[in-house]
Amino acid sequence: MGVVSAREMLLKATEGKYAVGAFNVTNIVQMEAVVEAAERKQAPLILQTSVTPARFLGVRVLAAAYRAMAESASIPICLHLDHCADVGLCRAAADAGYTNVMIDASKETFEENIRLTASVADYCHGLGDITVEGELGTVGGVEDQIKVTEDEAALCDPDQAEEFVRRTRIDLFAPAIGTAHGVYKTKTPKLHFDRLRTIFDLLNGTSPRVPLVIHGGTGLQDDVVRRLVALGGCKFNVSTELKHTLIDATFDYLSTHRDEYDPGRIDRAVNKATIQTVERWIDVLGCAGKAG
Ligand code: 13P
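The sequence shown begins at 7 in my numbering and counts up one residue at a time.
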């Protein structure tokens, strides 16, 4: 078990019609809590870091913490660098021990997106079993340093999907289908389920080949999540909800313990709340008990 890249666990998820939760963490306390939740549920896991923590704590520190946790875990765990537009940082993360990297060149032209994504895929594959995610179309909203306005958001063109995957040689494909990063303005955002189905059929046919990634998990209703999984989404990204969990748990704790100066107790409050959030997601995604 332990340290793995994303591709194999996601092909298995596609085959089994469930999705693996991909949870963005900003620090080691959150990382440990997400691992603990997945262990309790015996679920495969993708830990993700956005670019800001990757620069602040550094990819070597994050990768070392991941490795220490994953090596003693009874479940497969991948460490993924999320939405990185900087080719140099993608390479540094792969060098440091991340096992999956997302190069996000989705704001570039089609040809430039292919060129940048292919260069990261070639580099990571050259190092060994490090897999790569690319995005086509542009997912709206705010994810860390990537800000995409409603006008800039663009759906993935199914006619370009096969060419993109073939020419970039990526392992996981993130098609923009209307989900967005951050908090949705409505409970029923307009999602393009048919487009996801078309893309899944085009890329996978009857046997899983290219795992599909769904971005913008926070705020989607459970029935919508299950529908996206049934249509082939097998990596499900959740970030904003975990940030809210961390900040709300810290605030709640401090508002009743303002005279205490014991950071370990704040960490424990964050740990407990994060475990609850992640366990709930694992149940909705259907990946509990799939670690074996
Ligand atoms: P949310 O922040 O909306 O959960 O999206 C997460 C995501 O897609 C990270 O890539």
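We put the beta carbon where it would ideally sit given N, CA and C, even for glycine.
Could you spell out the range, first to last residue, of the alpha helix (DSSP H) harbouring Ile183? Neither: Ile183 is in no alpha helix (DSSP H) and is coded neither H nor E.
Suppose contacts are defined by Cβ-Cβ distances below 8 Å. Is Arg73 in contact with Asp177 by that definition? no
Between Met75 and the rest of its own chain, which residues show a CB-CB distance below 6 Å, the 5 nearest in sequence each way excluded? Val41
Give, in chain order, every unbroken run of the beta strand (DSSP E) that is at least 3 residues long and sits entirely within the segment 193-252. 218-220, 239-244
What are the residues that DSSP puts in a beta bridge with Pro82? Answer is Gly8.
Is Thr212 near the ligand 13P, going by C-beta to nearest heavy atom under 7 Å? no
In this structure, does DSSP put Thr144 in helix, strand or coil? strand
Alpha carbons only, please: which of Gln36, Ala91, Leu122, Leu68 is nearest the one belonging to Thr105? The residue with the shortest Cα to Cα distance from Thr105 is Leu68.
My parser needs the beta strand (DSSP E) runs of 3 or more residues fully inside the segment 33-93; what are they? 51-55, 82-90
Per-residue burial, Lys241 [other beta carbons within 10 Å of its own, 16 or more giving buried]: buried
Any idea if Lys296 is buried or exposed, counting beta-carbon neighbours within 10 angstroms, 16 or more meaning buried? buried
Rounded distance between the beta-carbons of Val126 and Val93, thought under 8 Å: 6 Å
Taking the alpha-carbon positions, what's the Gly143 to Ala294 distance? Straight-line spacing of the CA atoms in Gly143 and Ala294 works out to 31 Å.
Of the residues Asp228, Pro59, Leu53, which one's Cα is nearest the Cα of Thr32? Pro59
Please say whether Val154 and Gly147 have beta carbons closer to each other than 8 Å? yes
Identify the residues that DSSP records as bridge partners of Lys153: which are they? According to DSSP, which records beta bridges pairwise, Lys153 is partnered with Val148.
Under a criterion of Cβ closer than 7 Å to any non-hydrogen atom of the ligand 13P, which residues qualify, in chain order? Asn30, Gln54, Asp88, His89, Val145, Gly147, Glu149, Ala186, His187, Gly188, His221, Gly222, Gly223, Thr224, Gly225, Asn243, Val244, Ser245, Thr246, Glu247
Taking only beta-carbon atoms, is Val189 less than 8 Å away from chain B? The question asks about chain B, but that chain is absent: this structure has only one protein chain.
CA-CA distance, Ile281 and Gln54? 16 Å
Can the beta-carbon of Ala186 be found closer than 8 Å to that of Val145? yes
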